[in-house]
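Take a look at the structure below.
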Amino acid sequence: MNKNTSRNLWRITAGQRLRYAAAIAVTGLASAFMLSVPLVGGYVLDVVNTQDLAQGAVVLVEAATALAASVGAEPYVAYLVLSAVAGIGLTALGAACQYLQGRWAAIASEALARRLRETMYERMQHLPARFFDQADTGDLVQRCSSDVETVRVFLSSQVVQIGRSFLLLGVLTPILFARDARLASLALVLMPFIIAGAYYFFAKVRAQFKITDEAEGALTARLQENLTGIRVVRAFARQAYEVEHFGAKSLALRDNRERLNRLSGVYWAVSDFLCTAQVCIVLIAGGMFLAAGSLTVGELFAFMMQVTMVIWPVRHLGQVLNESGKAMVSLARINHVLLAEEESRDPVPPIARARGELVLENLTVEYEPGRPVLRDLSVHVPAGETVGIVGPPGAGKSTLIRLLARLYEPQSGRILIDGLDVRDVDRHWLRRQLGIVMQDPFLYSRTVADNLRIARADADDDEMMAAAREAAVHDAIVGFPAGYRSRVGERGVTLSGGQRQRLALARALLVEPPILVLDDALSAVDTGTEGEIMAAL
Numbered sequence: 000m001n002k003n004t005s006r007n008l009w010r011i012t013a014g015q016r017l018r019y020a021a022a023i024a025v026t027g028l029a030s031a032f033m034l035s036v037p038l039v040g041g042y043v044l045d046v047v048n049t050q051d052l053a054q055g056a057v058v059l060v061e062a063a064t065a066l067a068a069s070v071g072a073e074p075y076v077a078y079l080v081l082s083a084v085a086g087i088g089l090t091a092l093g094a095a096c097q098y099l100q101g102r103w104a105a106i107a108s109e110a111l112a113r114r115l116r117e118t119m120y121e122r123m124q125h126l127p128a129r130f131f132d133q134a135d136t137g138d139l140v141q142r143c144s145s146d147v148e149t150v151r152v153f154l155s156s157q158v159v160q161i162g163r164s165f166l167l168l169g170v171l172t173p174i175l176f177a178r179d180a181r182l183a184s185l186a187l188v189l190m191p192f193i194i195a196g197a198y199y200f201f202a203k204v205r206a207q208f209k210i211t212d213e214a215e216g217a218l219t220a221r222l223q224e225n226l227t228g229i230r231v232v233r234a235f236a237r238q239a240y241e242v243e244h245f246g247a248k249s250l251a252l253r254d255n256r257e258r259l260n261r262l263s264g265v266y267w268a269v270s271d272f273l274c275t276a277q278v279c280i281v282l283i284a285g286g287m288f289l290a291a292g293s294l295t296v297g298e299l300f301a302f303m304m305q306v307t308m309v310i311w312p313v314r315h316l317g318q319v320l321n322e323s324g325k326a327m328v329s330l331a332r333i334n335h336v337l338l339a340e341e342e343s344r345d346p347v348p349p350i351a352r353a354r355g356e357l358v359l360e361n362l363t364v365e366y367e368p369g370r371p372v373l374r375d376l377s378v379h380v381p382a383g384e385t386v387g388i389v390g391p392p393g394a395g396k397s398t399l400i401r402l403l404a405r406l407y408e409p410q411s412g413r414i415l416i417d418g419l420d421v422r423d424v425d426r427h428w429l430r431r432q433l434g435i436v437m438q439d440p441f442l443y444s445r446t447v448a449d450n451l452r453i454a455r456a457d458a459d460d461d462e463m464m465a466a467a468r469e470a471a472v473h474d475a476i477v478g479f480p481a482g483y484r485s486r487v488g489e490r491g492v493t494l495s496g497g498q499r500q501r502l503a504l505a506r507a508l509l510v511e512p513p514i515l516v517l518d519d520a521l522s523a524v525d526t527g528t529e530g531e532i533m534a535a536l
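For the sequence shown, numbering that gives the first Met the number 0 gives the first residue as 0, with consecutive numbering after it.
Structure below.
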């Protein structure tokens with residue numbers, strides 16, 4: 000994990016770090032309870048093997064002696080009963096701590112995932128148009144959904160598991176050496192290889208996860224694009240072509256996941272071998288010490304159990320790092336959105352409603368260096384005047400509209416509204432002065448009223464109907480089964496081309512903008528209706 004990733008992870012966990020610290024702390028407490036169970040079991044084995052209570056745990060021996068005296072039972076039996084109760088009690092306490100760990104980590108991760116989704120969504124509302132020109136919608140959807148979910152899973156369990164693994168290793172290592180330095184040395188001889196293998200695997204798998212995530216993003220983008228344009232696909236009988244190309248994306252994703260599976264298979268095989276070999280080394284050496292009389296059965300049992308509690312979590316570290324690698328890739332993809340340069344938010348106090356005078360001075364715009372779309376364009380439009388701008392396709396008419404709304408910035412020149420440079424005013428104010436209707440307007444899969452109120456959320460029914468009448472679409476709307484409450488389908492698919500354009504015009508008129516911009520916005524409207532609309536305007 001590099002420094003940038005660590006900083007990003009630290010940043011997104013703000014507000015929930017205390018919960019994570021508490022979760023790791025109770026994980027350590029749970030481990031302490033669980034580590035005590037083998038000690039109790041080891042003493043029981045020694046007592047059973049020697050039939051001598053002196054071999055038992057001092058605290059339990061004293062308690063058993065007192066219990067036996069009070070109820071008239073054998074101290075030996077009382078010791079076994081108390082040991083069983085102690086083992087069950089310690090296990091129950093450990094389980095309770097694990098529940099708290101899972102609960103606190105889950106609450107924290109869900110809160111962070113929600114905040115991350117909402118932050119990304121809010122951030123994308125303020126990114127410049129150029130960002131979306133260079134991004135696939137499906138890939139952005141995956142970043143807001145699948146990638147956030149991957150990070151959530153990592154924060155929910157893997158962060159705590161990493162802490163638990165290192166905590167166990169740090170706490171148990173000195174305990175094992177204190178119990179038996181000979182066995183402890185043998186128990187940890189292969190540990191560096193297990194840890195080194197886990198980190199090597201992490202480095203390999205992280206690169207592959209990045210490739211796989213990009214392949215999944217391409218697949219999602221293809222699917223989203225196909226579903227959005229499904230009517231075009233059917234109109235041109237392109238189903239077989241689309242299925243073939245989707246299959247190619249799906250195959251690429253499968254191949255990348257197979258590479259991940261191969262890497263994982265090699266790691267698990269090697270790590271399982273090393274962990275099992277480690278346990279076998281301890282068992283063989285312990286058997287030799289037991290035969291020599293320098294170790295009791297109970298001590299060997301307790302040591303073996305505790306060694307296993309160290310080795311297997313460290314082995315599990317590979318799986319944790321595997322998931323961590325995926326999470327780090329997802330986090331990088333999320334940060335691509337969060338750290339993208341957004342439109343400048345101009346802290347300018349509100350300005351009165353514009354009169355509508357528009358001046359373009361020497362505008363030059365380039366999408367590619369050295370290839371201007373507009374060069375030294377100057378236009379003056381007095382308030383209240385109607386001006387038509389005509390040109391062949393690609394001449395820059397739509398670009399001019401984007402410049403007016405500051406979706407793009409010119410390389411040189413400036414735009415003035417009522418004498419104010421648009422770069423010196425708040426974008427939100429600026430866009431409220433413009434009513435822009437494009438040739439192919441976008442409508443949401445909502446009701447007619449909802450689509451109109453996108454322009455003005457507080458508009459009442461009378462205001463909506465007045466705007467619809469001006470756009471000559473009111474009669475068509477009231478003819479729908481549910482009138483203004485009728486759903487228009489995705490992108491307005493249930494409407495005709497002319498109805499979509501007129502509904503978009505009504506939406507723009509609802510704002511009563513000082514400047515109305517129509518980008519061939521009545522191309523699908525018949526001549527008679529167009530004349531009616533222009534007369535109303």
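Glycine residues also receive a C-beta, built at the ideal position from the N, C-alpha and C atoms.
Are the Cβ atoms of E462 and P127 separated by less than 8 Å?
Result no, Cβ atoms of E462 and P127 do not sit closer than 8 Å.
Threshold first: 3 residues or longer. Then list the beta strand (DSSP E) segments lying entirely within the stretch 335-406, N to C.
Whole beta strand (DSSP E) segments, 3+ residues: 357-367 and 370-380.
Assuming L218 and K248 are in contact, meaning their beta carbons sit under 8 Å apart, how far apart are those beta carbons, in whole angstroms?
The Cβ separation is near 4 Å, so the contact holds.
Just to confirm, is the Cβ distance from L182 to V281 under 8 Å?
Yes, these two residues count as a Cβ contact at 8 Å.
Would you call the CB atoms of A467 and H473 closer than 8 Å?
Contact flag set, yes.
Rounded to whole angstroms, what is the Cα-Cα separation between G412 and K396?
Cα to Cα, G412 sits roughly 17 Å from K396.
Quick check on G478: does DSSP put it in helix, strand or coil?
Correct three-state label for G478: coil.
Give me, in chain order, the residues of the same chain whose beta-carbon lies closer than 7 Å to that of G86; leave out the 5 immediate sequence neighbours on both sides.
So the list reads V36, V39 and G40, once near-sequence residues are dropped.
What residue range is occupied by the uninterrupted beta strand (DSSP E) comprising S411?
Residues S411 to I416.
Pull up the distance between the alpha-carbon of S270 and that of G264, whole angstroms please.
Cα-Cα distance, rounded: 10 Å.
Counting along the chain, where does the alpha helix (DSSP H) carrying V265 start and finish?
Note, V265: alpha helix (DSSP H), Q238 to A290.
Is it a yes or a no for the stretch 156-164 touching the stretch 118-136, going by three-plus beta-carbon pairs under 8 Å?
No, they do not touch.
Where are the alpha helix (DSSP H) runs, 4 residues long or more, that stay fully inside the stretch 126-198, in chain order?
If we require 4 residues or more, the alpha helix (DSSP H) runs fully inside the stretch 126-198 come out as 128-132, 136-143, 145-152, 158-178 and 180-186.
Provide the residue span of the alpha helix (DSSP H) that contains V492, from first to last.
Neither: V492 is in no alpha helix (DSSP H) and is coded neither H nor E.
Assuming L433 is part of the beta strand (DSSP E), what are its boundary residues?
Run containing L433: L433 to V436, per the beta strand (DSSP E) assignment.
Would you call R253 buried or exposed, if buried means 16 or more other Cβ atoms sit within 10 Å of its Cβ?
So R253 counts as exposed.
The alpha helix (DSSP H) that contains L515, what's its start and end?
Careful: L515 lies outside any alpha helix (DSSP H), inside the beta strand (DSSP E) at I514 to L517.
Give me, in chain order, the residues of the same chain whose beta-carbon lies closer than 8 Å to that of L429; leave out the 5 immediate sequence neighbours on both sides.
A404, R405, I416 and V421, listed in sequence order.
With C-beta atoms as the reference, is L338 less than 8 Å away from V364?
It is not a contact, given that the beta carbons lie outside the stated cut-off.
To the nearest angstrom, how far is the alpha carbon of I11 from that of L115?
Approximately 8 Å, taken between the alpha carbons.
Grab me the residues of D135's own chain with a C-beta within less than 6 Å of its C-beta, minus the 5 sequence neighbours each way, in chain order.
Same-chain partners within the cutoff: A220.
When you compare only the Cα positions, how much space is there between L44 and T211?
L44 and T211: Cα-Cα distance of roughly 52 Å.
Whole-angstrom Cβ separation of Y266 and F200, contact assumed at under 8 Å?
Going by Cβ atoms, the distance from Y266 to F200 rounds to 4 Å, so yes, they are a contact pair.
Assuming I106 contacts R18 under a Cβ cut-off of 8 Å, what Cβ separation, rounded to an integer in Å, is found between them?
That belief holds up - the Cβ atoms of I106 and R18 are roughly 6 Å apart, short of 8 Å.
Identify the residues that DSSP records as bridge partners of R486: which are they?
DSSP, once it has assigned bridges, lists T446 as partnering R486.
Where do the ends of the alpha helix (DSSP H) carrying Q500 lie?
Looking at the DSSP string, the run of the alpha helix (DSSP H) that includes Q500 is G496 to L508.
Would you kindly report the start and end of the unbroken alpha helix (DSSP H) that includes D461?
Unbroken alpha helix (DSSP H) run through D461: D460 to E469.
For M33, I'd like the list of residues in its chain whose CB is within less than 8 Å of its CB, leaving aside the five on either flank, ordered along the chain.
These residues qualify, in order along the chain: L89, T90, G93 and M308.
Considering Cα atoms alone, identify which of L362, R506 and Y443 is closest to S377.
It is L362 whose Cα lies nearest to the Cα of S377.
For D212, name the three-state secondary structure that DSSP assigns.
Helix, per DSSP.
For a test of the three-state rule: what should DSSP assign to L538, helix, strand or coil?
Past the boundaries of the shown model lies residue 538; the chain is included only from 0 to 536, so the question cannot be answered.
Less than 8 Å between the beta carbons of V380 and L357, yes or no?
Yes, they are a contact pair.
Quick one: what does DSSP say L299 is sitting in, helix, strand or coil?
Helix, per DSSP.
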